[in-house]
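If you read the protein sequences in the order shown, they are chains B and X.
This note's numbering numbers the first residue of the first sequence as 136 and each following residue consecutively.
This note's numbering numbers the first residue of the second sequence as 136 and each following residue consecutively.
Think of the CB as a built atom: it goes at the ideal place given N, C-alpha and C, for glycine as much as any other residue.
Predicted, not measured: the structure shown is a model, and the values here were computed from it.
Number of protein chains: 2
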Amino acid sequence: MAGVSKSTVSRVLNDTPGVSPKARQLVKTAIEQTGYQPNRAARSLVTRATGSIGLVVSEAHARIFSDPFFASMVRGATEVVRPLGIHLVLMLAEDRRAREQLLDYLRHGHVDGVLFISTHAADPLPRILVAERLPAVLSARPVGRLPISYVDVDSVAGAGLAVDHLVERGRRRIATIAGPQDMPAGQDRLRGWEEALAAHGLPHGPDLVAYGDFARGSGARAMEELLGRGVPFDGLFVASDLMALDALAVLREHQLRVPQDVAVVGFDDSDAATQARPALTTVRQPVEEMAKALTLTLLDRIGDPDAPITSRIFPPKLIQRAST
Amino acid sequence: MAGVSKSTVSRVLNDTPGVSPKARQLVKTAIEQTGYQPNRAARSLVTRATGSIGLVVSEAHARIFSDPFFASMVRGATEVVRPLGIHLVLMLAEDRRAREQLLDYLRHGHVDGVLFISTHAADPLPRILVAERLPAVLSARPVGRLPISYVDVDSVAGAGLAVDHLVERGRRRIATIAGPQDMPAGQDRLRGWEEALAAHGLPHGPDLVAYGDFARGSGARAMEELLGRGVPFDGLFVASDLMALDALAVLREHQLRVPQDVAVVGFDDSDAATQARPALTTVRQPVEEMAKALTLTLLDRIGDPDAPITSRIFPPKLIQRAST
DNA sequence: GGAACGGTTGGGACCGTTCCCAGCCGTACC
DNA sequence: GGTACGGCTGGGAACGGTCCCAACCGTTCC
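Right, dumping it as structure tokens:
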């Protein structure tokens with residue numbers, strides 16, 4: 136239609152240099168007019184790439200799908216991938232059996248690379264992916280040294296923001312509901328709390344700490360535990376919004392007013408934070424942006440398997456609402 | 136390797152009749168030994184099929200990803216699709232812009248069919264999919280007549296089960312927190328409540344009804360409204376577990392004991408139901424099974440575009456726990 | 001004026017399947 | 001014994017791209 140050979144069309148499609156501007160324009164308008172779209176299958180056949188990337192979610196479904204973190208992750212990745220015509224293929228690895236199947240699947244070259252979403256420290260998959268030389272990136276800092284790119288939020292700094300804010304609001308005894316200590320995010324947020332309090336010369340002993348697992352439900356237990364100890368506190372930093380919601384409910388049950396009696400800061404800035412009563416002051420992590428960066432990193436890596444390992448740490452931001 | 140031509144291998148792979156048992160066996164052992172896997176791209180190139188089906192989620196992300204319903208849906212679909220080597224491709228259509236893009240994408244034959252997950256009545260996508268003759272199935276009854284297959288749970292019967300159970304437990308004034316009335320599920324659960332109460336000769340006036348949107352948060356507002364009216368009730372049917380969780384919290388705040396003062400029944404049997412305090416009696420819908428049936432229906436339809444339209448309605452089941 | 005060269009271009013092999021078609025072989029029938 | 005037939009098999013075109021290679025053209029240089 137453009138009066139040129141398929142070779143030239145191919146060159147235009149792939150932005151290969153060595154096409155005259157005139158021919159290039161000719162082809163482009165023809166494409167525009169016909170709504171032509173290259174055939175994925177034919178292309179894959181020769182390039183040996185699939186045009187799909189896997190979104191591997193290695194976590195109990197119930198957990199993942201009840202955490203808005205995942206929603207934002209998916210949205211960010213989708214946004215990067217869609218205009219490129221790349222498919223985002225869902226892969227769930229809930230238990231060991233599913234993991235084996237998944238690995239088999241990945242090894243057979245069904246996808247060009249893997250976005251690995253999991254926060255679990257003990258997860259063996261990242262290590263295996265690296266060993267198999269499959270292009271992969273992680274959604275959080277891996278445990279131990281592992282030559283793999285990742286993005287993460289600066290959890291230590293985030294916890295620091297929360298503590299600083301509470302101190303600014305005049306609080307002097309600041310407790311925390313920490314996350315699980317087998318996950319980097321859990322560790323870092325606790326460490327950030329400790330370090331910030333130490334810097335202010337305020338107490339930060341173990342009697343001010345209770346543990347949850349980031350998810351809904353665990354925050355209530357931790358809150359009850361803290362209150363049960365009888366140790367006074369007027370500020371509370373909770374390592375996830377979902378647990379903070381629990382904490383708010385338990386505080387209300389105990390006739391404690393937020394923020395008058397206890398000022399509360401969460402972490403994540405999920406939708407839950409705005410819906411909470413009172414609306415939750417929280418540390419925002421830019422999940423969607425992080426997902427975009429993660430996806431771009433993977434695409435880089437697929438394009439060049441020897442691309443350098445990078446880790447990108449995003450700064451958190453304090454969002455003030457009614458709970459402080 | 137098996138000493139036969141590629142034609143014969145192809146026949147074995149596709150279970151085409153007209154291969155001698157001997158040759159078939161020869162090929163099969165060769166495949167076993169080499170771990171051979173057919174090349175998707177080459178196959179797609181000639182069959183004009185992609186070996187992928189789209190999982191279209193037409194809903195606000197925050198909503199979908201905070202509802203465990205979606206998790207089960209994905210799990211069920213994955214289970215059907217994985218052993219067949221079919222990819223489940225995630226597609227999100229949150230707003231109008233995303234919907235347009237998505238449609239364009241679907242029209243270009245990137246997937247062989249669509250699993251459409253949405254509960255929204257006003258969603259224009261199902262109608263368009265039908266008009267475009269794209270193989271598609273719905274995860275819930277569509278509004279209006281539409282020649283499209285779907286699966287659903289019998290919501291009317293489910294609400295009936297809940298009411299019957301509450302009556303059995305001696306309750307005579309049974310209120311309800313209903314779902315949104317622009318969704319079939321919302322309408323049906325309300326209707327089931329009304330009809331069952333009418334059958335028992337018990338009151339079922341509008342003063343016993345408050346409305347939510349199925350999601351967390353809306354249940355609290357509805358519960359407050361019901362209590363605020365001063366109309367007495369000793370039983371409560373809530374159209375979703377998430378709203379029931381809210382209701383439990385509000386009842387507790389008002390010093391009402393569950394189940395002694397108010398017996399509560401939810402709907403869904405999500406994980407939330409078991410985590411609730413007290414554990415929630417609820418109407419279970421077999422979401423995972425429904426997802427499997429849905430996926431199989433789609434695969435049928437892809438195999439034969441003129442397959443008859445089917446709708447499969449699953450029976451709900453009452454799960455008794457501590458809240459009644 | 002002819003050769004060398006660089007920028008463009010088209011031709012054609014190739015990727016790994018499916019599927020049509022022709023051919024082979026053994027059997028049944030006349 | 002020859003022929004028709006049916007079950008099974010292999011050959012080869014086709015799918016729609018990518019990419020290597022050769023050819024073409026206009027310039028520049030000797």
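- The continuous alpha helix (DSSP H) containing X:I166 extends over residues 156–169.
- Bounds of the alpha helix (DSSP H) holding B:L148 are 141–148.
- Excluding residues up to 5 positions away in sequence, H255, A256, A257 lie with their Cβ nearer than 8 Å to the Cβ of X:D317 in the same chain.
- Under DSSP, B:T182 forms no beta bridge with any residue.
- Residues of chain B with a Cβ closer than 8 Å to the Cβ of X:L180 are, in chain order, N174, A176, A177, L180.
- Three or more beta-carbon pairs separated by less than 8 Å link the segment 286–302 of chain X to the segment 320–334 of chain X, which places the two stretches in contact.
- Here the C-alpha atom of X:L260 lies approximately 33 Å from the C-alpha atom of B:Q420.
- Taking every protein chain shown into account, the CB of X:Y171 has fewer than 16 other CB atoms within 10 angstroms, so this residue is exposed.
- For X:F402, the enclosing beta strand (DSSP E) has its first and last residue at 398–403.
- DSSP places B:D435 inside the alpha helix (DSSP H), whose first and last residues are 422–438.
- The beta carbons of B:R436 and B:G248 sit about 7 Å from each other, so the pair counts as a contact at 8 Å.
- Around the beta carbon of X:H339, 16 or more other beta carbons lie within 10 angstroms, which makes this residue buried.
- The beta carbon of X:A331 sits no closer than 8 Å to any beta carbon of chain B.
- Annotation for B:P315: G321, Y346, G347, D348, F349 place their beta carbon closer than 8 Å to its own, counting only its chain and skipping 5 residues before and after.
- Residue burial annotation: B:T169 is exposed, with fewer than 16 other C-beta atoms found within 10 angstroms of its C-beta.
- Residue-level contact check: X:E194 does not touch chain B, since none of the beta carbons of chain B fall below 8 Å from its beta carbon.
- Here DSSP, grouped into helix, strand and coil, assigns X:I454 to strand.
- Between B:F251 and B:V191, the C-beta gap is smaller than 8 Å, which places the two residues in contact.
- Under DSSP, B:M226 takes part in a beta bridge, and its partners are B:V191.
- The C-alpha of X:D376 lies about 6 Å from the C-alpha of X:D403.
- Counting only runs of 3 or more residues that sit fully inside the segment 230–288 of chain B, the beta strand (DSSP E) segments are 248–252, 271–273, 284–288, in chain order.
- Taking 8 Å as the upper bound for CB-CB distance, X:L362 and X:H335 are not in contact here, some 24 Å apart.
- X:L391 has its alpha-carbon roughly 21 Å from the corresponding atom of B:L380.
- Take the alpha-carbon of X:L148 and the one of X:L223: they are about 22 Å apart.
- Using a 10 angstroms sphere on the CB of B:M358, the tally of other CB atoms reaches 16 or more, which defines it as buried.
- Annotation for X:R175: G186 place their beta carbon closer than 6 Å to its own, counting only its chain and skipping 5 residues before and after.
- For X:A313, the enclosing beta strand (DSSP E) has its first and last residue at 309–313.
- Note that the C-beta distance between B:S284 and B:I444 is below 8 Å.
- Using a Cβ-Cβ cut-off of 8 Å, B:H255 does not count as an interface residue toward chain X, since no Cβ of chain X sits closer than that to its own.
- Within chain B, the residues S187, H222, V224, H245 have their CB atoms less than 8 Å from the CB of X:H222, given in chain order.
- Here the C-alpha atom of X:P413 lies approximately 24 Å from the C-alpha atom of B:P413.
- Cα atoms of B:R268 and B:R280: separation of roughly 16 Å, rounded to the nearest angstrom.
- Under the DSSP assignment, B:R217 falls outside any alpha helix (DSSP H); it carries neither an H nor an E label.
- Taken in chain order, the whole beta strand (DSSP E) runs of length 3 or more contained in the segment 337–409 of chain X are 344–346, 370–373, 398–403.
- In the structure shown, X:R326 falls within a helical segment according to DSSP collapsed to helix, strand and coil.
- Per the coordinates, the alpha-carbon of X:A212 lies some 40 Å from the alpha-carbon of B:K141.
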